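Reviewing the structure listed below.
Protein chains in written order, with our numbering: chain A, 1 to 249; chain B, 1 to 83.
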């Protein structure tokens, strides 16, 4: 019997709760998110509790992480961007741990739900818009006309730039969602082949399953990293309107 | 984190980024054109056509700029040192 590879993405309510027509039931996704939040919080608290001058294993891992994110922020936003450090670190850790926990067989991948990724993407993009308007006022509309545009091209460039601005949150959301979903569908199909192949030929797809799992481990890191970098780039664009347009996308 | 330094994974990240960049502008362009057709001007199907074309142009331009920025770099997606 062939298992439906989309089956792992279905949500099942553990505790159905409904408040005035609003469905706020506890399902696998909610439970997994709680686990992720608890895991990240406990790990980081354990890492920062000792504060030795010569760091232990966990503390040096945390210091590596802080340096890593600091590097991204300084690269894209400069020193002023450091006030977004808590936001960026939280986003990175949450997405990374959601991706990683999803790789444990039998668990649920929260980032394979487009609601989750779209919420993050639109929140980040909304924040960058609010910040841009607050910092630059009406001049913020200047992002729609790239510097060096000839006057006769302006009517064409405004809709094009508008589209590529609006595409930012969508590409951010779709990228994470699609990568996670596709990876897990492939894993599901390969494992289904293993089961239906039996002992004689089943070892081949099983070997591929293991290889894919290794690749997915890398994807989990890369997707969290790309999401973080683009968050910083979009926020940084709100700081300096032009001149940094080259690395804007 | 060690993965993002590996050229293979960095290249994978770039490829994935370029692909979604194209798709997203097409979705937005087509969606905007369709919405204008449907709710504002009732000029079917020209809004959708123009929107899709503009979306394709925007996507192509974004991908071109990204690829130009990455050219000659170490292959890491955040080559922002050159500013």
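Ideal Cβ placement from N, Cα and C applies to all residues, glycine included. This one's a predicted model, so the numbers in the text were calculated from it and none came from an experiment.
Where the alpha helix (DSSP H) through residue i begins and ends
i: residue 84 (chain A); result: Note, residue 84 (chain A): premise wrong, no alpha helix (DSSP H); not H, not E.
i: residue 213 (chain A); result: 203–239
i: residue 62 (chain B); result: 46–70
i: residue 67 (chain A); result: 57–76
Of the listed residues the options, nearest to residue i (C-alpha basis)
i: residue 35 (chain A); options: A:198, A:101 and A:154; result: A:101
i: residue 219 (chain A); options: A:52, A:138, A:152 and A:184; result: A:184
i: residue 253 (chain A); options: A:32, A:177 and A:27; result: Because chain A in this structure spans residues 1 to 249, residue 253 (chain A) falls outside the shown range and cannot be described.
i: residue 86 (chain A); options: A:58, A:228, A:55 and A:163; result: A:228
i: residue 322 (chain A); options: A:7, A:238 and A:4; result: Residue 322 (chain A) lies beyond the residue range present for chain A, which begins at 1 and ends at 249; the question has no answer from this structure.
i: residue 147 (chain A); options: A:192, A:21, A:241 and A:52; result: A:241
i: residue 172 (chain A); options: B:13, B:50 and B:31; result: B:13
i: residue 143 (chain A); options: A:150, A:152, A:55 and A:157; result: A:157
i: residue 32 (chain A); options: A:66, A:111 and A:165; result: A:111
i: residue 61 (chain B); options: A:204, A:11, A:162 and A:195; result: A:162
i: residue 54 (chain B); options: A:155, A:121, A:84 and A:106; result: A:155
Residue-chain proximity (residue i, chain A), Cβ-Cβ < 8 Å
i: residue 57 (chain B); result: yes
i: residue 67 (chain B); result: no
i: residue 47 (chain B); result: no
i: residue 38 (chain B); result: no
i: residue 53 (chain B); result: no
i: residue 11 (chain B); result: no
Coil, strand or helix - residue i by DSSP
i: residue 22 (chain A); result: strand
i: residue 17 (chain A); result: coil
i: residue 99 (chain A); result: helix
i: residue 4 (chain A); result: coil
Cβ pair residue i, residue j closer than 8 Å
i: residue 186 (chain A); j: residue 212 (chain A); result: yes
i: residue 47 (chain B); j: residue 57 (chain B); result: no
i: residue 52 (chain B); j: residue 26 (chain B); result: yes
i: residue 198 (chain A); j: residue 77 (chain A); result: no
i: residue 48 (chain A); j: residue 62 (chain A); result: yes
i: residue 28 (chain B); j: residue 167 (chain A); result: yes
C-beta neighbour in chain B for residue i, strict 8 Å
i: residue 22 (chain A); result: no
i: residue 70 (chain A); result: no
i: residue 246 (chain A); result: With a pLDDT of 43 at residue 246 (chain A), under the threshold of 50, the modelled position of this residue cannot be trusted; read the value that follows with caution. Closer than 8 Å: yes.
i: residue 171 (chain A); result: yes
i: residue 238 (chain A); result: no
i: residue 160 (chain A); result: yes
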